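>
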Amino acid sequence: MKTVYDFEAKMPNGEKRSLKDYEGKILIIVNTASKCGFTPQFKELQELYEKYEAKGVEILGFPCDQFNNQEFSNIEETTQFCQLNYGVKFPMFAKIDVNGEHADPLFTFLKEQKKGVLSNRIKWNFTKFLVDRNGNVVKRYAPTTAPGKIEGDLIALI
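So, in structure tokens, the structure goes:
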């Protein structure tokens, strides 16, 4: 059976990184945007990361510009923005598409594993997926779900 560990993701510098590097960790995978009404969620995501990183939790951010062009065109601007404004230290990857014919294979897989309400499409920025230590997608959260509301589910996996 396929897991998230079977995928690769492109880093901001263009290098590919195998998600096998995160094997045995609990993951929160989120499509992000720097100029979105939900952008302040970066703060809570970073707080979760700081609180649980030592317990094997990783947050993986995937910038996406598919929803009203709410991401910088230059990935360096994105990473600097996240670090300067929200202190983001968790891994941020290269900009991707999450829907459509050019959707990143990881997000196609995530959507197949946990469909949204009425559709498996990602409806907006900051859709979050919780992945267990075995690489299985256990839950999907709407963009409106604040990262702090995920904490209980996260603790249950620790």
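In terms of UniProt numbering, the sequence shown opens at residue 1 and continues consecutively.
No residue lacks a Cβ here, since even glycine has one placed at the ideal position from N, Cα and C.
Keep in mind that this is a model prediction, so the values were computed, not measured.
Kindly list the residues whose CB is nearer than 8 Å to the CB of Gly24, restricted to its own chain and excluding five residues on each side of it in sequence; keep chain order.
If we look at Gly24 and ignore the five residues flanking it on each side, its Cβ neighbours are Gly56 and Arg133.
> So, is Asn31 buried or exposed, given that buried needs 16 or more other C-beta atoms within 10 angstroms?
Buried, because 16 or more other Cβ atoms sit within 10 Å of the Cβ of Asn31.
> In terms of residue numbering, what span does the alpha helix (DSSP H) encompassing Asn31 cover?
Premise fails: Asn31 lies in the beta strand (DSSP E), Ile26 to Thr32, not in any alpha helix (DSSP H).
> Among the candidates Tyr5, Pro91, Arg121 and Ile150, whose CA atom is the shortest distance from the CA of Asn99?
That would be Arg121, whose Cα lies nearest to the Cα of Asn99.
> Please identify the residue among Gly152, Pro143, Ala54 and Lys114 whose C-alpha is closest to the C-alpha of Phe42.
Of the listed residues, the one whose Cα sits closest to Phe42 is Pro143.
> Could you tell me whether the segment 82 to 92 touches the segment 102 to 120, using the rule of 3 or more Cβ pairs below 8 Å?
Flag = no, the segment 82 to 92 and the segment 102 to 120 do not touch.
> So, Gln66 versus Lys35, is the Cβ gap smaller than 8 Å?
No, Cβ-Cβ distance for Gln66 and Lys35 is not below 8 Å.
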